[in-house]
Amino acid sequence: MDVARQAGVSPSTVSRILNGTAKVSDDKRQAVLAAITKMNFAPNQMAQGLKKGRSMTIGIVVQDISSPFFDETLRGVDDGLKGTGYASVIVSGHWNAEEEAERIRLLLARKVDGIILLSGRIGDEAVLGFSGQRPIVSTGRALHTRTALGFKMDNEYGAYLAVHHLIELGHRRIAFISGPANNIDANERLAGYTRALEEAGIALDQNLIVEGNYHEASGMLAMNRLFDSHQQFSAVFAANDLSAYGARLALYRKGIRVPDDISLVGFDDLPGSSYTTPPLTTIRQPLYDIGRIATQALLRIINGEEARGEVPPLELIVRETTRRVR
């Protein structure tokens, strides 16, 4: 071993020093460290992992690998893994509980050291069951055990912020393009929309609520359904930015100006929302931070440390798609 030869010690001594288990003199330790620095040596992390019974891989379950929502979160995961020696294996659950469970079982069979579950439909009990085999950190749910940790954003509060902003601008007839009715996040955002109206003394009008599915096309179709129903409204809150993009296209095709004629608010603050025409007012989810912090939390659990982590709160980002009612 070149490092051992350079330092004048045995290879086993170098190995013990690198693993933090060697009881050697300061002279020998300094000689090994100097040799490592001089030779720009990096220990074989995979080999070290195998000695500890680890595969040095983590599994990541996303729902839609093509979505910019998950792309931004995965960027945070990737940065969280830098310098750790870990590699990731990414699979998709496609918003289907059975498929998610099958993908988790697949990752467990590949002997990953832990799993990051980004949102999804699988129940908390199933997640806790799988965490008995490997540590799991999940977004979109509240969990805290020795081997499972969840990060849940306050969707109700985020939606409340969005609608409250429109109400402060003088809007009273506010349409809502919701997410899927069987989605927990979507129902929480509907609750936030409802609470903001109730606090302002504005009666809830079910005719102003149109269900979407979080995709651009559904936002466009939902806006067209609102037009076809001949409802009067001066603002639209879309349950996510992609739906807002679709709604914006429908408004453009109708010759309706944003925000001069209708104000528009989204939810997520995807990277592209700063570059729409005009730039989108939205609720910022710290997607990158969620990915990075979830990764750091998972690595702590793998290393036998406490399962913990905290992500920044949601916040309103005011850009150029909202204006005061004239």
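Under the numbering used here, the sequence shown has 111 at position 124, and the numbering climbs by one with no breaks.
We put the beta carbon where it would ideally sit given N, CA and C, even for glycine.
For clarity, every value in this text was computed on a predicted model and none was experimentally measured.
Extent of the continuous beta strand (DSSP E) run through residue i
i, result
"Ile164", "161 to 165"
"Arg271", "269 to 271"
"Gly101", "101 to 104"
"Ser250", "250 to 252"
"Thr44", "44 to 49"
"Ala222", "222 to 225"
"Glu302", "302 to 304"
"Ile196", "196 to 198"
Cα-Cα separation, residue i to residue j
i, j, result
"Gly63", "Gly(-5)", "42 Å"
"Ala149", "Leu303", "7 Å"
"Thr132", "Asp13", "41 Å"
"Glu112", "Ala135", "11 Å"
"Leu301", "Val48", "23 Å"
"Ser216", "Tyr147", "25 Å"
"Met33", "Gly70", "Unreliable positioning characterises Met33 in this predicted model, as indicated by a pLDDT of 48, which lies under 50. A coordinate reading is not provided."
"Ile103", "Gly233", "30 Å"
"Ser352", "Leu267", "No statement about residue 352 is possible, as the shown extent of the chain runs from -12 to 313 and does not include it."
"Ser118", "Gln219", "50 Å"
"Arg(-8)", "Ala294", "41 Å"
"Ile77", "Val124", "14 Å"
"Pro299", "Gly137", "14 Å"
"Leu191", "Ser75", "46 Å"
"Ala281", "Arg313", "45 Å"
"Arg240", "Pro122", "49 Å"
"Leu105", "Gln193", "31 Å"
"Thr126", "Ile277", "8 Å"
"Glu307", "Phe57", "25 Å"
"Met(-12)", "Gly259", "Here the model assigns Met(-12) a pLDDT of 48, short of 50, so the residue's position is not dependable, and the following value carries that caveat. The alpha-carbon atoms of Met(-12) and Gly259 are separated by roughly 51 Å."
"Glu297", "Gln50", "23 Å"
"Leu94", "Leu274", "23 Å"
"Gln283", "Ala183", "35 Å"
Cβ-based neighbour list, residue i, same chain, cut-off 8 Å, excluding 5 preceding and 5 following
i, result
"Arg212", "Val197"
"Gly145", "Arg176, Gly179, Phe254, Ile270, Gln272, Leu301"
"Thr309", "His152, Leu153, Leu156, Ala222, Pro246, Ser250, Leu251, Val252, Thr268"
"Leu195", "Arg160, Ile161, Ala162, Phe163, Leu213, Gln218, Phe220"
Own chain residues within Cβ distance below 6 Å of residue i, not counting five before or after
i, result
"Pro55", "Leu257"
"Asp66", "Arg279"
"Glu186", "none"
Limits of the unbroken alpha helix (DSSP H) element including residue i
i, result
"Thr282", "274 to 289"
"Thr335", "It is not possible to answer for residue 335, since the shown part of the chain is limited to -12 through 313."
"Ser205", "203 to 215"
"Gly157", "Taken as a continuous stretch (DSSP letters only), Gly157 belongs to no alpha helix (DSSP H), as it is neither H nor E."
"Phe57", "55 to 68"
"Leu184", "171 to 186"
"Ile77", "Segment 74 to 79 is the beta strand (DSSP E) holding Ile77; no alpha helix (DSSP H) there."
"Gly137", "Careful: Gly137 lies outside any alpha helix (DSSP H), inside the beta strand (DSSP E) at 135 to 138."
"Asp334", "Any question about residue 334 goes unanswered here, given that the chain covers just -12 to 313."
"Ala231", "228 to 240"
"Leu93", "84 to 96"
Same chain, Cβ closer than 7 Å to residue i, five either side skipped, listed in chain order
i, result
"Ala168", "Glu198"
"Ala237", "Met207, Met210, Asn211"
"His158", "Ser221, Ala222, Ser250, Val312"
Cβ separation of residue i and residue j, assumed to be a contact under 8 Å, to the nearest whole Å
i, j, result
"Glu89", "Arg108", "Wrong, their Cβ atoms sit about 12 Å apart, outside the cutoff."
"Gly116", "Ile289", "Gly116 to Ile289, Cβ: 19 Å. No contact."
Give a yes or no on contact between the segment 200 to 207 and the segment 135 to 143, applying the rule of three or more CB pairs nearer than 8 Å.
no
Can you confirm whether the segment 216 to 225 touches the segment 159 to 166 when touching is taken to mean that 3 or more C-beta pairs between the two stretches lie within less than 8 Å?
yes
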